[in-house]
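Residue numbering for the sequence shown follows the working numbering, beginning at -1 and increasing consecutively.
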Amino acid sequence: MPTEEPAAGRRFTVVLETNLLHGRADPEASTPVKTILDLAEKIGASVAIPEPCVMELVQGHRERLIEGRNALDKAVKELGRLRATVDLREIEVEAEVKGYEQRLVTFLDTHRIRRLAFPEQLPPPQELFERAVAKQPPFDAKGASFRDAMIGMTVARHFPAGSGEVLIVTGDNSFRSRLAVEGITALDPDAAIAKLTEHLSAAEQKRRSEIEAAIESVLGQRLAEITERATREVEFNFGILMGGEIESIDAFSATAVASVQAVDLHQHRTGGKARRPSLASPTARPSSRS
């Protein structure tokens, strides 16, 4: 069943169109689609497919099975005229269609591809007919292709203006042209892959910048912690050297400068004959010897 999720807030959405998967019994076998899905996941883009496209894929598979069965029946008849013995089992078309539909649903679920439901309300029939007669979008230059019109309206309904960048991937040139008229970006698979690759490069650059900023912040914090710890250790060691703890490096520097100035003044008064006292012992300590 198609899922209903709000499109608002989505940064980038890739919409898959019918012909990307049409004619493939295994949806996973499409190399362009796998590349697109991989790039979309890397840049954090969501992926969707209109419900009309899902219906087209299932019906298209049914038609190909019927065509194949009819061609096989014709070949068997031709071989019968040649009196050749042919033993082929009957092709159960609907059973095969059901199997394909299950594979398709599994594919969509596995890759978290959202199914865009049909619009709940369509323009009035008269308005649609007037657009077709006037050959206006979403109809083609001949006023035809209701199928394309329905897909276009489904996408427009789920992604109104301002809901983020939407990219429809389709190999149908005429469909891309009609969507462009409506202001919807539609690219062929190769161009879509190139565009997603550009987004990936930008996303990677942003991610690297964020990582570098985070590393710089952590290093700055660690450096501040190391500096603070080293300062405390130096102050402690100088305190031991001075015979007692000192409050800070600045306090030690002030004490040392004052001691030097006092010694210089004393030498000046005594003619430079007095011994300079140790900075570590500005005042003589009494001897501990008896």
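Where a beta carbon is used, it is the ideal one built from N, C-alpha and C, also for glycine.
Predicted model, so just to flag it, every value in this text is computed and none were measured.
Identify the continuous beta strand (DSSP E) that holds L14 and give its terminal residues.
10 to 14
Within 10 angstroms of the Cβ of D28, are there 16 or more other Cβ atoms? Answer buried if so, exposed if not.
Per the sequence shown, the amino acid found at residue 28 is Ser instead of Asp. That one is buried.
Inter-residue Cα distance where the pair is Q100 and D138:
33 Å
With DSSP run on the structure shown, which of helix, strand or coil describes I34?
In the structure shown, I34 sits in a helix (DSSP, three-state: H, G or I).
Give me the DSSP bridge partner(s) of L165.
V12, T183
Quick one: residues in its chain with C-beta nearer than 8 Å to the C-beta of R9, no 5 flanking neighbours on either side, listed in chain order?
Closer than 8 Å at Cβ, skipping near neighbours: G42, A43, G162, E163.
Assign P121 to one of three DSSP states: helix, strand, or coil.
coil
Suppose the cutoff is 7 Å on Cβ atoms and the five residues either side in sequence are ignored; what does the same chain contact list for R129 look like?
F137
Taking C-alpha atoms, which residue in V45, G97, I111 lies nearest to D24?
G97
One question on the structure: do P50 and I149 come within less than 7 Å of each other, judged by their Cβ atoms?
yes
Inter-stretch contact (C-beta, 8 Å, three-pair minimum) for the segment 46 to 66 and the segment 113 to 133
yes
Contact check, E54 vs T11, beta carbons under 7 Å
no
Please confirm whether A192 and I166 have their CB atoms less than 7 Å apart.
no
Backbone secondary structure at P158 - three-state DSSP:
Coil at P158, not helix or strand.
Whole-angstrom C-beta distance between H20 and G58, which should lie under 8 Å
5 Å
Should V153 and V13 be called a contact, given that it needs their Cβ atoms to be closer than 7 Å?
yes
Got a sec? Which residues, its chain only, sit under 8 Å from R220 by beta carbon, not counting five neighbours each side?
Excluding sequence neighbours, R220 sits near nothing in its chain.
What is the DSSP secondary structure of S172, reduced to helix, strand or coil?
helix
Let me make sure I understand the geometry here. Which of E26, A200, E65 has the alpha-carbon closest to that of E104?
Note that residue 104 corresponds to Thr in the displayed sequence, not to Glu. Ranking E26, A200, E65 by Cα distance to T104 puts E26 first.
Tell me which same chain residues have a C-beta within less than 8 Å of the C-beta of R22, skipping the five on either side of it?
S28
Helix, strand or coil at K133 [DSSP, three-state]
Coil, per DSSP.
If we count the other Cβ atoms within 10 Å of its Cβ and call it buried at 16 or more, is L18 buried or exposed?
buried
To the nearest angstrom, how far is it from the Cα of G66 to the Cα of E90?
12 Å
Cutoff 6 Å; reference A6; Cβ partners in own chain excluding five residues on either side:
No answer about A6 holds up, because its pLDDT of 41 lies below 50 and its placement is not dependable.
According to DSSP, is H59 part of a helix, a strand, or is it coil?
Taken through DSSP and simplified to helix, strand or coil, H59 comes out as helix.
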